[in-house]
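A quick write-up on the structure given underneath.
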Amino acid sequence: MPMLYSVIVPVYNVEAYLRECVSSVRAQTYPDWELVLVDDGSTDSSPAICDELAEELGEQACVVHQDSAGPLAARRAGLRAAKGDAFVSLDSDDALRSDALEMIDAAFRSGEDVDVVAYGYSRDRGFSTMVAAPFDSAGHFTRADLVRRSCLPPTLFSMWAKAVRRRVMDLDADYSDYFGLSFAEDLLQSLPIADAVRRGYYIDEPLYYYRVNTASLTRKFDLRQLDARELVHKIHLGYARRWAEELGDTSLVAGVQMTGLKSYAEIAQGVCEVLPKAEAMNCLCEFSQDPTFLEYYALPCCLDGIRRDRRLILRMLSSGHFDVIWAMAKAKAALHKISRR
Numbered sequence: 003m004p005m006l007y008s009v010i011v012p013v014y015n016v017e018a019y020l021r022e023c024v025s026s027v028r029a030q031t032y033p034d035w036e037l038v039l040v041d042d043g044s045t046d047s048s049p050a051i052c053d054e055l056a057e058e059l060g061e062q063a064c065v066v067h068q069d070s071a072g073p074l075a076a077r078r079a080g081l082r083a084a085k086g087d088a089f090v091s092l093d094s095d096d097a098l099r100s101d102a103l104e105m106i107d108a109a110f111r112s113g114e115d116v117d118v119v120a121y122g123y124s125r126d127r128g129f130s131t132m133v134a135a136p137f138d139s140a141g142h143f144t145r146a147d148l149v150r151r152s153c154l155p156p157t158l159f160s161m162w163a164k165a166v167r168r169r170v171m172d173l174d175a176d177y178s179d180y181f182g183l184s185f186a187e188d189l190l191q192s193l194p195i196a197d198a199v200r201r202g203y204y205i206d207e208p209l210y211y212y213r214v215n216t217a218s219l220t221r222k223f224d225l226r227q228l229d230a231r232e233l234v235h236k237i238h239l240g241y242a243r244r245w246a247e248e249l250g251d252t253s254l255v256a257g258v259q260m261t262g263l264k265s266y267a268e269i270a271q272g273v274c275e276v277l278p279k280a281e282a283m284n285c286l287c288e289f290s291q292d293p294t295f296l297e298y299y300a301l302p303c304c305l306d307g308i309r310r311d312r313r314l315i316l317r318m319l320s321s322g323h324f325d326v327i328w329a330m331a332k333a334k335a336a337l338h339k340i341s342r343r
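Take the sequence shown: its position 69, counted from the start at 1, is 71 in our numbering, and no numbers get skipped.
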């Protein structure tokens, strides 16, 4: 029997991209899909566009309108409304390759125990290039493989980078305590999936177009991101410790600690990009004295696994050279601005 795929699209102020996103679903060569649009309190014309597109698609689409509660709440609302045998996450400023569902379906049918299908992505609208593959080659992977990719680079955190069978999605779980998160919500939802799968399949091709959108939620920094990262990090570390004991692999814990340390570099750069210098300096001083930062920075295995520019930020943070971090952030922002001209 054919499988029904629910393509879940959280929507927030994306009037410029929404039609293109939905067009990529309508162009699918695999016919058995439904589109679930979740308008998360958009203040532009996105709600009206959602209704218009759903009317055009008829029974193959539904729209959920809700007050703005963040991307996690929107995705969970979409999951509750979905009827499919498997779920495909699609951000509203991105797109699927026209044969994505057809290839995903073939991968699911490669074994009765395949619960997750992962695939590559591109930043090129023509899908001619691929970014950062989580596995070395196409084919089946085990639960242990996915657990490792949940703790060690190259990681597989993003919900949009994988299709998930209904049977391993924690649909009854209550995420309401985390609805304010605007960062790390993908990781939060991916951990129970990795814990529940039996086997997966990796398609070594870019089936997903990821738009680098500087106006997106994940690119808007605010200080609450640090709280979000710390909250999800504790949950992540709990899974890693249990998995490390189960698999006899202590590197899983070290990998999560490295991810936690890397967050300080990302947040340090973020505060320098958006805050006045005096406020940014105060924040950097606080970060440099944070007990978790001090603990992780003292672990050589954490620092060694972080890319060079972030490692430099962490060293400057540890040594109190906050002006260097400020200068690096401003230089990076200027280069980014020039490159977009």
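Glycine residues also receive a C-beta, built at the ideal position from the N, C-alpha and C atoms.
- C64: not part of any alpha helix (DSSP H); member of the beta strand (DSSP E) spanning A63 to Q68, first to last residue.
- When the beta-carbon positions are compared, A50 and A56 stay at least 7 angstroms from each other.
- Taking the C-beta atoms as reference points, D96 is found nearer than 7 angstroms to Y211.
- For S192, the enclosing alpha helix (DSSP H) stretches over residues E187 to A198.
- Around the beta-carbon of A333, fewer than 16 other beta-carbon atoms lie within 10 Å, marking it exposed.
- As computed with DSSP, E248 is found in no beta bridge at all.
- With a cutoff of 7 angstroms on beta-carbon distance, V119 and F110 are scored as near each other.
- Residue environment for M260: buried (at least 16 other C-beta atoms within 10 angstroms of its C-beta).
- Rounded to the nearest angstrom, the gap between the Cα atoms of N284 and G250 is 41 angstroms.
- Distances from the alpha-carbon of D87 to those of L20, L314 and M3 put M3 closest.
- Note on geometry: alpha-carbon atoms of I195 and L59 lie some 30 angstroms from one another.
- The stretch 235 to 243 and the stretch 36 to 46 do not touch, with fewer than three beta-carbon pairs separated by less than 8 angstroms.
- A straight line joining the alpha-carbon of M105 with that of D188 spans about 23 angstroms.
- In terms of CA proximity to D117, V90 leads the group A282, D138, V90 and A230.
- Using a 10 angstroms sphere on the CB of E36, the tally of other CB atoms reaches 16 or more, which defines it as buried.
- When the Cα atoms are used, D325 and L319 turn out to be separated by approximately 10 angstroms.
- For Y32, the closest of A134, A108 and E281 by C-alpha to C-alpha distance is A108.
- For V13, the secondary structure class from DSSP, reduced to helix, strand or coil, is strand.
- Taking a cut-off of 8 angstroms on C-beta distances, the stretch 168 to 180 does not touch the stretch 132 to 152, as fewer than three cross pairs fall below it.
- Per DSSP, reduced to three states, the secondary structure at P208 is strand.
- Secondary structure at S152: coil, using DSSP grouped into helix, strand and coil.
- Of the candidates V166, G322, K279 and A246, V166 places its Cα closest to the Cα of Y204.
- In the three-state reduction of the DSSP assignment, T157 falls in the coil class, being assigned neither a helical nor a strand state.
- Residue environment analysis places R151 among the buried positions, since at least 16 neighbouring C-beta atoms fall within 10 angstroms of its C-beta.
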